[in-house]
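Colleague: This structure is in structure tokens; I'll ask about it shortly.
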Ligand code: HEM
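Numbering (our numbering), first residue to last: 17 to 424.
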């Protein structure tokens, strides 16, 4: 039986010594920075597995090795529900990310076709053109609201380009995606209604395009989604729509906010900017250190069968959160983890997850960030935070930073 305390839910099978007063969506110490707030868990007395009573109550894996291990063990740690609170995760209408192996594999292979490294290499020029077109009007202005002027628009243009859809649809798509990921509602019921409404609007937009492209030989992501057979069968319309929703959402908030954290950091670290400007050809390598230093995703798993780890028994149906920050910023995984250092011999991170669900868009994400830095620094080689900008960090399934206003 679960008990509800002032601070939330603690079931009977959770030992009292494992309960921590930490809300992953409203972490103590976030004023010091989102990534910095996770240092709460990096005290020797904090075990590998703890319980947070917030957000419906859930376990948290606190060490890099434990997080990696759980990502790679889908038999015990299922993707059927992969965000907390569980009730919100159960409503996620995306596909095939909520399937476990072996069912997940063939659909994932279909998804990978358009996103594997070879396919992404061919996108370099298109993505560079998108970045250049956005930066061209920004550069002469001497200032910009980076998130609004660039970060929020860039991945939508990338999605539309990959889907062979007109860029004129950007504003509409941005609104739909925002309503799915951040419905502005006063109650859970209202939020569920808004998400449902936005999903239907997205389907109404994509459906006629799928009708036109079905049976064709297009290589855009919509044609691939509707025409790639899985297990010898055509994919259903509903699966294709939910797969396309996943492609839209997977590459949106993650890229927007990662770029926000990165530019906020660069605006206050001119020596790092100088290093990037001096050796633009090394940017792809340097980007990997940025991915390590600025993890944004805190994804979860649902316990599929009772399992013991670190001396506690997690029960079927419990949720466990795998904050990628607690891997990347674990001093056992990376020495001096809060420092950005380009001379690290090896990097250990799970910014893109691990195991069967490791980000399908990671090659695309790397390209998007590399191209952004290369093209931005060509036009704006020095920049700083606007004097009155007060960037504030927020936690979430995908963490965010607002008020990244820059000037040069
Ligand atoms: C900085 C950028 C990005 C970050 C940090 C990121 C992070 C992640 C993480 C942590 C996962 C694993 C989720 C899990 O374990 O359940 C994931 C999955 C996924 N990502 Fe990304 N992602 C990024 C960009 C993209 C882009 C650009 C796309 C574009 C298509 C994308 C598409 C996906 C898809 C389709 C999945 C689901 C894979 C599966 O369940 O098999 N992501 N991403």
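Cβ coordinates follow ideal geometry from the N, Cα and C atoms, glycine included.
#1: Ignore the nearest five residues each way along the sequence and tell me which others in residue 370's own chain have a CB closer than 7 Å to its CB.
#2: For the ligand HEM, any of its heavy atoms closer than 6 Å to the Cβ of residue 373?
#3: Rounded to the nearest angstrom, what separates residue 160 and residue 154 at their Cα positions?
#4: Specify the secondary structure class of residue 408 as computed by DSSP and reduced to three states.
#5: Just verifying my parser: in three-state terms, what is the DSSP assignment at residue 252?
#6: Cutting at 6 Å between CB atoms, please list the residues of its own chain near residue 468, excluding the five before and the five after it.
#7: Determine which residues share a DSSP beta bridge with residue 401 and list them.
#8: Check whether the Cβ of residue 263 sits closer than 6 Å to any heavy atom of the ligand HEM, and report yes or no.
#9: Check the DSSP bridge columns for residue 77 and list the partner residues they point to.
#10: Should residue 19 go down as buried or exposed, given a rule of 16 or more other Cβ atoms within 10 Å for buried?
#11: Whose C-alpha, out of 25, 48 and 355, is nearest the C-alpha of residue 408?
#12: Using a Cβ-Cβ cut-off of 8 Å (strictly less than) and excluding sequence neighbours within five positions of residue 103, which residues of its own chain qualify?
#13: Is residue 234 helix, strand or coil by DSSP?
#14: With a CB to CB cut of under 6 Å and the five nearest residues on each side skipped, what residues in its chain are close to residue 300?
#15: Would you grab the beta carbon distance between residue 239 and residue 232 for me? Rounded to a whole angstrom, and I think it's under 8 Å.
#16: Between residue 31 and the rest of its own chain, which residues show a CB-CB distance below 8 Å, the 5 nearest in sequence each way excluded?
#17: In or out: residue 69 buried (at least 16 other Cβ within 10 Å) or exposed?
#18: Report whether the distance from the Cβ of residue 218 to the nearest heavy atom of the ligand HEM is below 6 Å.
#19: If distances are taken between C-alpha atoms only, which option among 118, 124 and 279 comes closest to residue 262?
#20: What residue range does the alpha helix (DSSP H) around residue 186 cover?
#21: How many Å lie between residue 42 and residue 411 at the Cα?
#22: Over the uninterrupted beta strand (DSSP E) stretch that includes residue 329, give me the two end residues.
#23: What does residue 316 pair with, by DSSP beta-bridge criteria?
#24: Residue 191 and residue 414: beta carbons closer than 7 Å?
#25: By DSSP, does residue 278 sit in helix, in strand, or in coil?
#26: Extract the residue ranges of the alpha helix (DSSP H) inside the stretch 105–164, only unbroken runs of 4 or more that lie entirely within it.
#27: Within 10 angstroms of its Cβ, does residue 44 collect 16 or more other Cβ (buried), or is it exposed?
#28: Just to confirm, are residue 106 and residue 318 a CB contact at a threshold of 7 Å?
#29: How is residue 358 classed by DSSP in three states: helix, strand or coil?
#30: Checking the sheet assignment: what are the DSSP bridge partners for residue 94?
#31: Is residue 211 helix, strand or coil by DSSP?
#32: Between which two residues does the beta strand (DSSP E) holding residue 325 run?
#33: Do residue 348 and residue 111 have their C-beta atoms closer together than 7 Å?
#34: Please state whether the Cβ-Cβ distance between residue 273 and residue 312 is less than 7 Å.
#35: Cα separation between residue 363 and residue 341?
#36: Can you have a look at residue 138 and say buried or exposed, based on whether 16 or more other CB atoms are within 10 angstroms of its CB?
Modeller: Let's see:
#1: 84, 87 and 88
#2: yes
#3: 7 Å
#4: strand
#5: coil
#6: The shown model of the chain, from 17 to 424, leaves out residue 468, and the question about it has no answer.
#7: 422
#8: yes
#9: 65
#10: Note that residue 19 has pLDDT 48, beneath the 50 cutoff, so the model's placement of it is unreliable and no number is given.
#11: 48
#12: 72 and 204
#13: coil
#14: 386
#15: 6 Å
#16: 328
#17: With a threshold of 16 other beta carbon atoms within 10 Å, residue 69 meets it and is buried.
#18: no
#19: Nearest to residue 262 by alpha-carbon distance, out of 118, 124 and 279, is 124.
#20: 186–197
#21: 6 Å
#22: 328–330
#23: 337
#24: no
#25: helix
#26: For the alpha helix (DSSP H) assignment, the uninterrupted runs of no fewer than 4 residues enclosed by the stretch 105–164 are, from N- to C-terminal side, 120–129, 133–137 and 140–154.
#27: exposed
#28: Not in contact: residue 106 and residue 318 (Cβ atoms no closer than 7 Å).
#29: In the structure shown, residue 358 sits in coil (DSSP, three-state: anything other than H, G, I, E or B).
#30: 318
#31: helix
#32: 323–325
#33: No, Cβ-Cβ distance for residue 348 and residue 111 is not below 7 Å.
#34: yes
#35: If I take the Cα positions, the gap works out to 14 Å.
#36: Around the Cβ of residue 138, a 10 Å sphere holds fewer than 16 other Cβ atoms; the residue is exposed.
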